[in-house]
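Engineer:
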Amino acid sequence: MNRFTLFSALLHLLLFGTIALSSKSSFKSIPKIEVYKVSLAPLPQPKISGVPEAPIEPPAIKEPEKKEEKKPPEEKKAVPKKETKQTKETKQAKETKRGLPDGLPDIRPQIYTGSGRGFTYSYYLNILLNKIGQNWNNPYREKDVILKSIVYFEVDKNGVISNIRIEEDSGDEIYNESTLRAVALTKKLPPLPEEFSDDYLKVHLEFLTAR
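Those letters in the sequence shown? Residues 23 to 233, by this note's numbering.
(1) Mapping the DSSP letters down to three states, classify R203 as helix, strand or coil.
(2) Does the region 154-169 come close enough to the region 212-222 to have 3 or more Cβ pairs within less than 8 Å?
(3) Quick one: any contact between the region 185-195 and the region 145-152, if contact means 3 or more CB pairs under 8 Å?
(4) Ends of the alpha helix (DSSP H) at Y145?
(5) Quick check: L169 and D194, are their CB atoms within less than 7 Å of each other?
(6) DSSP three-state call for F38: helix, strand or coil?
(7) How long is the line joining the alpha carbons of N198 and P161, rounded to whole angstroms?
(8) What did DSSP end up calling Y174 once you bin it into helix, strand or coil?
(9) Output needed for K209: all residues of its chain with C-beta closer than 7 Å, excluding positions within five of it in sequence on either side, in chain order.
(10) Considering only DSSP beta bridges, list what V167 is partnered with.
(11) Which residue marks the beginning of the beta strand (DSSP E) containing E190, and which one marks its end?
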């Protein structure tokens, strides 16, 4: 073996020794880790206690309401009216009132011409009744009395009223005066119809108060 080979072997030994020492110094010991074995025991499963279900009651069936049968209305028995006795004056007043014109229930004319012939001009009679009726203030209107008077007067061709007097007395002075005043206040009517040939018209005017 030559010197060169020996020298090379020694050099390698030194190098390996240096590396070995440095590795020992840098090597740190790894601490021991204690390992504990833990066995997991299965937990007891909770018992589920079932809640008893309440029995479901079937819905109550409503009975149909009974409708009350309506009774037919009782027929009212006609009560027989008692016949009332009427005096002759009451009957006469009703019969008289039937012939009265509408609007003036308390005045009815009984009109005759001077020659005794009937006066057929109804429009003129309506004017006469309206005018006298407006001037009559009946003191016994709407009262339970029966009174009648007849007033006589004349109407000339120009419609002027004259010769006023009581022809039939009612028996009540106040009533008589009211009927005379009604005719006197009227004073004048329209001229008599041209077809009427007489000079004047005789009027017998009945004033009636009756209920």
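Note that beta-carbon positions come from the ideal geometry of N, C-alpha and C, so glycine has one too.
Computed from a predicted structure; not experimentally measured.
Structural biologist: Let me lay it out:
(1) helix
(2) no
(3) no
(4) 144-157
(5) yes
(6) helix
(7) 10 Å
(8) strand
(9) I183
(10) According to DSSP, which records beta bridges pairwise, V167 is partnered with nothing at all.
(11) Counting along the chain, the beta strand (DSSP E) containing E190 begins and ends at 183-190.
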